[in-house]
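These notes are about the structure you will find just below.
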Amino acid sequence: MGTVVTNSGRVSATRFPGQAPTTPPFSREELIGLDDALKDASEKALVRFSVYIGDLGPDAVADARKVLMRAPEPANGALVAVSPNTKETVVVSGSAVADRVNDRVAQLGVTAAITSFRQGDLIDGLIAALRVMSTAAAES
Numbered sequence: 001m002g003t004v005v006t007n008s009g010r011v012s013a014t015r016f017p018g019q020a021p022t023t024p025p026f027s028r029e030e031l032i033g034l035d036d037a038l039k040d041a042s043e044k045a046l047v048r049f050s051v052y053i054g055d056l057g058p059d060a061v062a063d064a065r066k067v068l069m070r071a072p073e074p075a076n077g078a079l080v081a082v083s084p085n086t087k088e089t090v091v092v093s094g095s096a097v098a099d100r101v102n103d104r105v106a107q108l109g110v111t112a113a114i115t116s117f118r119q120g121d122l123i124d125g126l127i128a129a130l131r132v133m134s135t136a137a138a139e140s
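For the record, in the sequence shown the residue sitting at position 48 is 48 according to the UniProt record's numbering, with numbers rising by one throughout.
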């Protein structure tokens, strides 16, 4: 529990820093749902979507960009970064997809996530954001 092997063979896992993977903050079903949403969004928009949940420093956008640069194919990627402690959500995109995952698309995604975030449902909010953003990016 805490990890899932995706259809592609990739291992998707989550945990709090310092905790063993046996005590994940999300259920197995939530992780599978998020992984499916990431896969579907990436295929639909031809953008490599990623999600980061964790502390972002005082410059959340700069820190999100650093995280995106560590992702596979950062030029073709878009990152939805959520800092639960500061309640910040940042969307950044790589240079090759910046024209399709632009400020308007990012705002649509954040707006789609807000209701779930306010209800304390981080995963549902992220899934909603990914669906809206991938649809908007695919239509651009």
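Where is the CB? At the ideal position from N, CA and C, for every residue including glycine.
| Asked | Found |
| --- | --- |
| 4-residue-minimum alpha helix (DSSP H) runs that sit fully inside the region 44–72, ordered along the chain | 60–70 |
| C-beta neighbour in chain C for Glu29, strict 8 Å | Among the protein chains of the structure shown there is no chain C, as only one such chain exists. |
| Cβ-based neighbour list, Ala113, same chain, cut-off 6 Å, excluding 5 preceding and 5 following | Gly125, Ala128 and Ala129 |
| Ser140 in three-state terms, based on DSSP | coil |
| Collapsed DSSP secondary structure at Met1 in the structure displayed | The predicted model places Met1 with a pLDDT of 44, which falls under 50 and marks its position as unreliable; any figure quoted below should be read in that light. Reduced to three states, the DSSP call for Met1 is coil. |
| For Ser95, the residue or residues it bridges with in DSSP | Note: Ser95 sits in no beta bridge, so no partner. |
| Segment contact flag, the region 68–82 with the region 92–103, C-beta cutoff 8 Å, min 3 pairs | yes |
| Start-to-end residues for the alpha helix (DSSP H) that takes in Gly109 | Asp103 to Arg118 |
| Buried/exposed call for Arg104, threshold 16 Cβ in 10 Å | exposed |
| Alpha-carbon to alpha-carbon, Asp36 and Ala81 | 18 Å |
| Length of the line joining the Cα atoms of Met1 and Leu34 | At Met1, the pLDDT of 44 sits below 50, so the modelled position is not reliable; the number obtained from the coordinates is stated separately. C-alpha separation (whole angstroms): 15 Å. |
| Residue from Phe26, Asp40 and Lys87 whose Cα sits closest to the Cα of Ala138 | Asp40 |
| Pairwise C-alpha distance: Leu56 and Ser83 | 6 Å |
| 8 Å Cβ cutoff met for Leu38 and Val51 | yes |
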